Amino acid sequence: PLREARFQEYFAKRRVVHFRSAGSAEAYDDNDDDTFSSGPLPQPFVELQQRVAKWLAIDPAAFIHALVSEYRAGTPIGWHRDKPVYGIVVGLSLAGWGRMRFRPLDPRAPRNAIVLLELEPRSIYVMQGPIRWQWQHSMLPTKALRYSITFRTRADEP
Numbered sequence: 316p317l318r319e320a321r322f323q324e325y326f327a328k329r330r331v332v333h334f335r336s337a338g339s340a341e342a343y344d345d346n347d348d349d350t351f352s353s354g355p356l357p358q359p360f361v362e363l364q365q366r367v368a369k370w371l372a373i374d375p376a377a378f379i380h381a382l383v384s385e386y387r388a389g390t391p392i393g394w395h396r397d398k399p400v401y402g403i404v405v406g407l408s409l410a411g412w413g414r415m416r417f418r419p420l421d422p423r424a425p426r427n428a429i430v431l432l433e434l435e436p437r438s439i440y441v442m443q444g445p446i447r448w449q450w451q452h453s454m455l456p457t458k459a460l461r462y463s464i465t466f467r468t469r470a471d472e473p
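Residue numbers (my numbering): 316 to 473.
What follows is the structure, given as structure tokens:
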């Protein structure tokens, strides 16, 4: 079941459900939503994860975390970088459109060094290499209901 996303003492406007693989508890701490899991990944998501892994040419077992997010109209996500315990981050955009922004993590970078990525329904994006480690990302407020599924590997994986 989806529930309000939490980070430390703050609640986000989106609702989420987490799934994680066995033995991946070190990726989680008590300060955010990653501490709850809805158990093993449901079979339709397993099949989707396998297709994503094949597309990336990696072992499906490399994925240690899956996140399903619901963005109601007007829901944003502020600037952040995913936790360093995660390596490759793959997102699938479903239902409504999303607008993802990227900016350099380095505070000395020009303030206007922002890249906008339009996420169409049924599109996929991958964050690895410099875009994963040297940039932050955010989501502009959605215009309509949108869902996403995010798969993450452990940082020491491919």
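We put the beta carbon where it would ideally sit given N, CA and C, even for glycine. All values reported here derive from a predicted model rather than from experimental measurement.
Item to check | Distance, Val361 Cα to Ser336 Cα | outcome: Counting from one through the sequence shown, the residue named residue 336 turns up at place 21. Counting from one through the sequence shown, the residue named residue 361 turns up at place 46. Those two C-alpha atoms are separated by around 11 Å.
Checklist entry - Do the CB positions of Ser463 and Ser353 come within less than 8 Å of each other? => result For the purposes of this step, residue 463 is identified with residue 148 of the sequence shown, where counting begins at 1. For the purposes of this step, residue 353 is identified with residue 38 of the sequence shown, where counting begins at 1. With respect to the 8 Å criterion, Ser463 and Ser353 are not classified as neighbours on the basis of their beta carbons.
Checklist entry - Using 8 Å as the limit for Cβ to Cβ distance, is Met454 near chain C? => result The chain labelled as chain C is not found in the depicted structure, where only one protein chain is given.
Checklist entry - So Gln451 is in the beta strand (DSSP E); what residue range does that whole segment cover? => result Sequence index remark: in the sequence shown, residue 451 carries index 136 (1-based). DSSP places Gln451 in the uninterrupted beta strand (DSSP E) bounded by 450-454.
Item to check | Length of the line joining the Cα atoms of Gly413 and Arg469 | outcome: Here residue 413 is taken as the residue at index 98 of the sequence shown, counted from 1. Here residue 469 is taken as the residue at index 154 of the sequence shown, counted from 1. Inter-residue distance for Gly413 and Arg469 is about 26 Å (C-alpha atoms, whole angstroms).
Item to check | Length of the line joining the Cα atoms of Val404 and Leu382 | outcome: By one-based count along the sequence shown, residue 404 stands at place 89. By one-based count along the sequence shown, residue 382 stands at place 67. Using only the alpha carbons, I get a separation of about 11 Å.
Checklist entry - Should Arg366 go down as buried or exposed, given a rule of 16 or more other Cβ atoms within 10 Å for buried? => result Residue mapping note: residue 366 aligns to position 51 of the sequence shown, counting from 1. Burial is judged here by how many other beta carbons sit within 10 angstroms of a residue's own beta carbon; Arg366 has fewer than 16 and is exposed.
Checklist entry - In whole angstroms, what is the alpha-carbon distance linking Ala388 and Thr465? => result Numbered from 1 along the sequence shown, position 73 holds the residue referred to as residue 388. Numbered from 1 along the sequence shown, position 150 holds the residue referred to as residue 465. If you take the alpha carbons of Ala388 and Thr465, they lie about 19 Å apart.
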